[in-house]
Amino acid sequence: MVPYSDPPSQYNWLRQDAVTVAKLLLSYELVSQIGGTETAGRIVETEAYCGEIDPASHAFRGPTLRTAPMFEAGGQIYVYLSYGIHTCMNIVAGPAGTAGAVLIRALEPSRGVNTMQTRRRTTNLWQLCSGPGKLTQALGIGLALSGSRLGAELSLRAITPGPIPETIIAGPRVGISRAKDLPWRFTIADNKFVSKR
DNA sequence: GGAATGATGTACT
DNA sequence: GTACATCATTCCG
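Okay, so the first sequence: first residue is 138 according to our numbering, each after it adds one.
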């Protein structure tokens, strides 16, 4: 028998800090198998939330029932309800206990566009996944997925062998009231599918 | 037990 | 640009 170690995973790179992971995720496609049809989009906008040291993070005041998935090792999925209506999805980053997370804020639609259009009740490609609540609706992501891990219903696919050729822009995060000035929102320069302009 | 609060999206003026 | 829908979670008393 080999001594105990972490299970082999193609997702071990997610155990880096949330800011690093937020930038690396911009070279990946987020793929959903939910509902039996594959839907997917390239990640073009992310935000890093840095656990108990970040006043804007849901993990800032320590673990709760809701935020428990954030305290697992990188690769966990954390979904929460926003404004009573919208679900937003995070990929947990860092070693277990650090509670880093990356909010996925926008996708460039790539697969299952027809299904996404039906779920979103719009045919406008630019508006299918251009916001954290929009993309969860398009991919069929609900609260029940919180606490699951990447690799089953949701997975990541590399788009480029290495870093993306485009420039990554860093700026302040959207819609928060604390730690407004930290430049932890990352977008692909000039991409037309991000949530703002 | 009760009230305040959002990591938002859409519709309307 | 402003209004508001809508509810799980959190915090306070």
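Virtual Cβ for every residue (Gly too), placed ideally from N, Cα, C.
- The beta-carbon separation of E245 and F330, rounded to 4 angstroms, stays under the 8 angstroms limit for a contact.
- Annotated three-state conformation of N328 is coil, per DSSP.
- Shown here for T183: same chain residues with a beta carbon closer than 7 angstroms to its own, the five before and five after excluded, namely A159, L162, L163, V239, L240, I241, R242 and F323 in chain order.
- CA-to-CA, the gap between T176 and N328 works out to about 20 angstroms.
- In its chain, beyond the 5 residues on either side, G249 and T252 have a beta carbon closer than 8 angstroms to the beta carbon of T174.
- When secondary structure is reduced to three states using DSSP, S219 falls in the strand class.
- A direct Cα-Cα distance of roughly 31 angstroms separates S169 from L319.
- The beta carbon of A316 sits closer than 7 angstroms to those of D191, P192 and A193, all from its chain and outside the five residues before and after it, given in chain order.
- Straight across, the Cα-Cα distance linking N149 with Y220 is about 33 angstroms.
- Burial check for W321: the Cβ neighbour count within 10 Å reaches 16 or more, so the residue is buried.
- Annotation for T252: the continuous alpha helix (DSSP H) segment containing it runs V250 to R257.
- Secondary structure at E303: coil, using DSSP grouped into helix, strand and coil.
- The criterion of a C-beta distance shorter than 8 angstroms is satisfied by A275 and R257.
- Spatial neighbours of A289 in its own chain (CB-CB distance under 8 angstroms, excluding positions within 5 residues in sequence) are listed in chain order as Q170.
- Between the alpha carbons of T204 and L262 lies a gap of roughly 32 angstroms.
- If you look at V156, you'll find it in the alpha helix (DSSP H) that goes A155 to L161.
- Each residue's CA atom was taken as its position, placing C225 and H195 some 12 angstroms apart.
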